[in-house]
Every structure is written in C-alpha cells, then in structure tokens.
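Heads up, my numbering is the position in the sequence shown plus 19, with the first residue counted as 1. Glycine is no exception: its CB is placed at the ideal position from the N, C-alpha and C atoms. Reading through the structure tokens given below for one structure.
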Amino acid sequence: MNNTRHLVNLALIGFMGAGKSSVGRLVAEQLHFDYLDTDDLIQARTGRTISSIFKEEGEAFFRKLERQLVKELTARKRTVIATGGGLPTVAANLASLKTHALVVCLWASPAKIWERVRNQTHRPLLRDPNPSLKIRELLAVREPFYRQADVLINTDLRSAREVAQQVVHQFRLAQSGRQ
Ligand code: S3P
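Here you go:
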C-alpha cells in the first residue's frame, strides 16, 4: 500500500446486502469513530427515499448526488463511511476514497446476498422480475471494482460482529504500517 496515504477514515464498499451498514456501525463503535452512510445522507438532504429518487429522477441523477457527496467526504476525519453498492463502480469515487480512507470490501456470494435481501423492498435495482439473476449479473459487472479495495473480507460464513472485528484488525494493521 502507498505509505503516503493518510488513513484517517475507513470506507466500506460492497454489494447490496453485504452488511456494510450493520458492520459499519459496529466498527465505528469500536474505533470511537463517527458513522456515516452515503444513502442515509442523500435521503436526509433530499428529503426523499432512494427509491423515489431512482423512480422520479433516474439512476444517473442519483449517481451525481453520490459523486458530489464523495468529494465532500475528503474533509471527514475519524469516520466510518458505509457506501451504496454502486458508488465504487465510478472510478473517480474509489480513487477519492482511497486518498483518505482504508477501503474495505465486504464480499458476499450471490446466493448469500439473495438470502439477505429477499425479504427487503427498498432497493430499486432489485425490483426485477428475476432478482436472483439480476444480483448475479450486477455482481459480475461490479466485481472488478470491488476487488480494487485495499482489503477484501468474505462475509458469507461470518456474523456482523466477526466481520467487524476483522475490519477493525485490518484498520489497525494498516495504520501501524504493518500491512
Ligand atoms: C445501490 C445500492 C444501494 C443504494 C441504491 C443503489 C447499488 O445501497 O445506494 O439502491 O447500485 O448497488 P446499499 O448497497 O446500501 O443497499
């Protein structure tokens, strides 16, 4: 890893249902960092749900809001940032996060993702006649981006608490320059 980077924050990337929000909260608690979720912030600022933004303005508009927010994140310190699943598929977003954060990807298999999201309804991209296939297709396209994370953690067989411990461990290693 490039030693000139200032790892003042920790960013969690990964597919929908990978556990970024639940793990992110636990990690923030353990590190005594603030917690920030890009989807939550976009919803709070626009006063609209992600679904309604997608429906009324389209995905491209949502991606612009994400892009703007990522630029602002460079000013954050001691923050765990949970990102929307599509955010790191814009190369400039990933590059920007890497300037100030250790980027950790929470990985999950398509089967595990489907198991975790099947009873949820708030994700517009999974409102599809065949959501299970959609997960496979999207994940295949996104995998090369997710693999650019500094650390990749497979969450399939781990609880959120176990994953959080791994993330904290990796963050401390990276901060002490032993990675
Ligand atoms: C998206 C993931 C969602 C949210 C939006 C689009 C994606 O966030 O940003 O629905 O493109 O994968 P989560 O990954 O937190 O579900």
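Check	Outcome
Less than 7 Å separating the Cβ of Arg137 from some heavy atom of the ligand S3P?	no
Check the DSSP bridge columns for Ala110 and list the partner residues they point to.	In the DSSP output, where bridge partners are listed per residue, Ala110 has none listed.
Measure how close the beta-carbons of Ala30 and Leu158 come, nearest whole angstrom, since I'm counting them as under 8 Å.	Their Cβ separation, rounded to whole angstroms, is 19 Å, which puts Ala30 and Leu158 out of contact at 8 Å.
For Val187, which of helix, strand or coil comes out of DSSP?	helix
What span of residues does the beta strand (DSSP E) with Val99 cover, start to end?	Thr98 to Ala101
Drop a sphere of 10 angstroms on the beta-carbon of Gly33, count the other beta-carbons inside from all chains shown, and report buried for 16 or more, exposed for fewer.	buried
Where does Ala47 fall in DSSP's three states?	helix
If you compare alpha carbons, which of Tyr165, Arg86, Arg177 and Gly196 is closest to Ala111?	Arg86
Among Ala47, Ser71, Arg24 and Arg97, which residue has its Cα nearest to the Cα of Arg180?	Ala47
Cα separation between Arg137 and Tyr165?	22 Å
In the DSSP assignment, find the unbroken alpha helix (DSSP H) run with Asp147 in it and report its ends.	Premise fails: Asp147 is in no alpha helix (DSSP H) and is neither H nor E.
Please classify Asp58: does DSSP put it in a helix, a strand, or coil?	helix
Under 7 Å from any heavy atom of the ligand S3P, does the C-beta of Pro129 make it?	no
Short of 8 Å in beta carbon distance, which residues of its chain neighbour Thr2, apart from the five on each side in sequence? Order them along the chain.	The question about residue 2 has no answer here: the residues shown for the chain are numbered 20 through 198.
Which residue from Thr98, Ile132, Lys131 and Gly104 puts its Cα closest to that of Leu121?	Thr98
Can you name, in chain order, every residue of its own chain whose Cβ lies under 7 Å from the Cβ of Leu45, other than the five neighbours on each side?	Ala179, Arg180 and Ala183
Considering only the alpha carbon of each residue, which of Arg177, Lys131 and Val123 lies closest to Leu192?	Val123
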